[in-house]
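Student: Residue numbers (the working numbering), protein chains in the order written: chain A, 1 to 210; chain B, 1 to 376.
All C-beta atoms in this analysis are idealised placements derived from N, C-alpha and C, irrespective of residue type, glycine included.
Please read all numbers here as calculations on a predicted model, not as lab measurements.
1) In terms of residues, what are the limits of the alpha helix (DSSP H) holding residue 345 of chain B?
2) Which residues, in order along the stretch 348-374 of chain B, keep a beta-carbon less than 9 Å from a beta-carbon of chain A?
3) May I have the straight-line CA-CA distance separating residue 63 of chain B from residue 199 of chain B, to the nearest angstrom?
4) Determine, for residue 276 of chain B, whether the minimum Cβ-Cβ distance to residues of chain A falls below 8 Å.
5) Suppose only complete runs of 4+ residues qualify. What are the alpha helix (DSSP H) ranges in the stretch 49-111 of chain A, listed by chain order?
6) Do residue 101 of chain A and residue 82 of chain A have their beta-carbon atoms positioned less than 8 Å apart in this structure?
7) Looking at C-beta atoms only, is the number of pairs between the stretch 296-305 of chain B and the stretch 316-334 of chain B that lie closer than 8 Å three or more?
8) Would you mind sorting residue 44 of chain B into buried or exposed? The rule is 16 or more other CB atoms within 10 Å of its CB.
9) Any beta-carbon of chain B closer than 8 Å to the one on residue 153 of chain A?
10) Just mark residue 255 of chain B as buried or exposed, buried being the case when its beta carbon has 16 or more other beta carbons within 10 Å.
11) Does chain B have any CB closer than 8 Å to the CB of residue 138 of chain A?
12) Tell me, which residues are paired with residue 300 of chain B by DSSP?
13) Whose Cβ in chain B lies nearer than 7 Å to the Cβ of residue 99 of chain A?
14) When you compare only the Cα positions, how much space is there between residue 29 of chain A and residue 157 of chain A?
15) With a threshold of 6 Å on Cβ separation, who are the neighbours of residue 264 of chain B within its own chain once the five nearest residues in sequence on each side are excluded?
16) Between residue 237 of chain B and chain A, is the shortest Cβ-Cβ distance under 8 Å, so that the two count as touching?
17) Thinking just about the alpha-carbon of each residue, which of B:257, B:235 and B:41 is nearest to the one in residue 381 of chain B?
18) Among A:86, A:106 and A:163, which residue has its Cα nearest to the Cα of residue 339 of chain B?
19) Thinking C-alpha only, which one of B:149, B:376 and B:356 is nearest residue 242 of chain B?
20) By how many angstroms is the C-alpha of residue 252 of chain B removed from the C-alpha of residue 348 of chain B?
21) Using beta carbons (cut-off 8 Å, strictly below), is residue 318 of chain B in contact with chain A?
22) Measuring alpha carbon to alpha carbon, tell me which residue in A:146, A:144, A:161 and A:38 is nearest residue 131 of chain A.
23) Can the beta-carbon of residue 355 of chain B be found closer than 8 Å to that of residue 290 of chain B?
24) If residue 152 of chain B sits next to residue 168 of chain B, beta carbons under 8 Å apart, how far is it from one beta carbon to the other, in whole angstroms?
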C-alpha cells in the first residue's frame with residue numbers, strides 16, 4: 001500500500017468514527033475560552049482527516065489549559081504535536097497504533113530521523129514500537145545524541161531485549177547521567193556488555209619501544 | 001610504517017576527531033607528547049611522540065586501532081601499531097563469553113622488528129557492579145623474523161562505582177624460552193574533568209626474564225571541547241609478546257579526542273540486570289512507581305509525611321484527582337492504565353505541580369515540565 005492510498009484509508013477511517021472524535025473534542029468544553037477551543041478543534045479536525053488520532057491532541061490542549069497557558073500557546077503546542085504525529089505516521093505507516101504514533105512523534109521531536117523510524121518499522125513490521133520509540137525520545141532528552149539513542153535501542157532489540165528491559169535500560173542510563181556520566185558514554189557503558197578492562201590505564205603516548 | 005604514513009594517519013585521525021559527531025560509540029583521538037625515557041640497557045633520552053587511536057564499539061563488538069610514532073633526540077625513530085577486536089556472546093544468565101584478537105607490530109630504527117598475533121577467550125561472570133573473568137591466550141610472536149609460539153592463562157576481577165573502577169588481574173605467559181607471571185592492580189577514577197588511572201604490578205619470572213615490580217600513573221585533564229592535557233610517568237616491564245623493552249618515563253602532552261578525557265567508563269555492566277537504586281529526593285517530594293496488575297498498570301506514589309497527594313495527566317483529562325492513601329503509606333491512582341505513553345504531574349499538600357522521581361521528565365511546551373511514564 002503506498003502512502004497516498006494509506007492516507008486515504010486513514011482519512012476514511014477517521015471520518016467513519018465521528019462519534020469517537022466528537023467525544024474527544026467535547027472534552028474541551030468549558031476548559032478554555034471559546035476562541036481557543038474553536039482553534040484547537042480546527043487543528044484536531046484537520047489532523048484527524050490526515051489520520052492523526054485526536055486523543056493526544058486534545059490531551060495536549062487540556063494540559064495547557066490546566067497549566068494556565070494562554071490560548072495562542074495552547075494552539076501552537078497542539079499544532080506542533082499534530083505535525084510531529086503526522087510525521088510519525090508517514091514514517092511508521094498506516095498500521096501504527098495511536099501509542100506508537102505518540103511515541104514516534106516524541107522521538108522525532110527529540111531529533112531522531114524519520115528515516116530511522118521507517119527502517120525500524122521495516123525491521124519490526126508486527127511488533128509494537130511504542131516502548132522503543134519512547135525510550136529513544138527520553139534518551140535524547142537526557143542528552144544522548146539522537147543517532148546513538150536510535151542505534152542503541154535498535155541494538156538491544158536485535159538482542160531480543162523486551163520492552164520492560166528497555167525501560168530498565170533507560171532508567172540505568174538516566175541514573176548514570178544523574179551521577180555525572182556523559183550522556184553518550186552512559187549509553188555505551190550500559191550497552192556494551194563488559195570490560196574494556198581499565199583500557200585507559202596505559203596512555204597512548206607511553207613511549208614504549210622495541 | 002614510514003614516518004610520512006604516520007603523519008598522514010595522525011592527520012586523518014585528527015580530522016575524524018574534529019568532524020561532526022557521529023554515533024557515540026566511535027571514538028577517535030590523537031596524543032602529541034614530549035617524553036623523557038630511560039630504556040633498560042640504554043642511556044636516557046628525550047623523545048617526541050604522536051599516538052593516534054580509533055575505537056568503534058557496538059553492543060557486542062569492539063574494534064580498536066592505535067599507533068605511536070616516536071622520534072628520539074638522536075633522530076632515531078620507532079613506530080608501533082596495534083589492531084584489536086573483541087566480540088561478546090549473548091548473556092547466558094550471569095555469564096558471557098568474549099573472544100578477543102589482536103595483531104601488532106613495531107620496529108626501532110629499522111633493525112629491531114617485532115610482530116604478534118594473539119587470540120584470547122574469556123568467560124566473564126557479571127554481577128552488576130562487579131565481575132570476574134578467566135581464560136586462555138594463544139598466539140604467535142615474530143622476533144626479527146623468527147616466529148615463536150605464545151601461550152598463557154589469565155584471570156581477573158573488577159569492581160566499579162559511579163566514577164571509577166578497580167581491577168585485579170593475573171596473567172601467565174610463555175613465549176619462546178621465557179615464561180613469567182604478572183600480577184597487576186589497575187584503577188581508574190574520573191571525577192569531573194579529570195581522568196586518573198594507575199597500575200602497580202609485580203612480575204614473577206619462571207624461566208628466562210627477571211622478576212620486577214613496576215607502576216604507572218597517568219592523568220588527563222579535559223580543558224575545553226575535545227582538548228585534554230595529559231601527563232604520565234612510571235616504569236613498565238619488558239613485553240615479550242608486544243615486543244618492547246622495559247623502561248622508565250615521564251610524558252606530558254595534549255590529547256585531541258572525541259570525549260577527550262572522558263572515555264566510556266572502565267568496566268561496563270550489561271544493561272538490563274543493572275539494579276536501579278532508590279531515586280534521590282524529588283523537588284516535588286514524591287516518587288512514582290508502576291505496579292502491574294495483569295494487563296493494567298497502576299501508578300503508586302510515595303510521598304512520606306504527605307497529607308494530600310494529587311495527580312493530573314492524560315488519564316484524568318488533566319483534571320486534578322486526589323489519590324487515596326494506602327495503609328502502607330503509599331498513594332495509588334487506582335484507574336488501571338493500558339499500554340501507552342502518558343504525561344502527568346503530581347503535587348503534594350497543595351504545593352507546586354512537578355515531576356516526581358521514578359519517571360522521565362520532559363519540557364511541557366508551557367514553560368514547565370511534565371512526567372512521562374511508559375506502560376509496556
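Tutor: Concretely, from the data shown:
1) Segment 340-348 is the beta strand (DSSP E) holding residue 345 of chain B; no alpha helix (DSSP H) there.
2) 353, 358, 360, 361, 362, 363, 364, 365, 366, 367, 368, 370, 372 and 374
3) 23 Å
4) Any reading at residue 276 of chain B needs caution, since the residue's pLDDT is 32, under 50, leaving its predicted position unreliable; the model's value is listed next. So, interface residue.
5) 54-66, 71-92 and 98-110
6) no
7) yes
8) exposed
9) no
10) buried
11) yes
12) B:289 and B:332
13) 339, 340 and 341
14) 42 Å
15) Any reading at residue 264 of chain B needs caution, since the residue's pLDDT is 31, under 50, leaving its predicted position unreliable; the model's value is listed next. The answer is none, since no qualifying residue turns up.
16) no
17) Since the displayed chain B opens at 1 and closes at 376, residue 381 of chain B lies outside it and no answer follows.
18) A:163
19) B:149
20) 55 Å
21) yes
22) A:161
23) no
24) With a Cβ gap of about 17 Å, residue 152 of chain B and residue 168 of chain B do not count as contacting.
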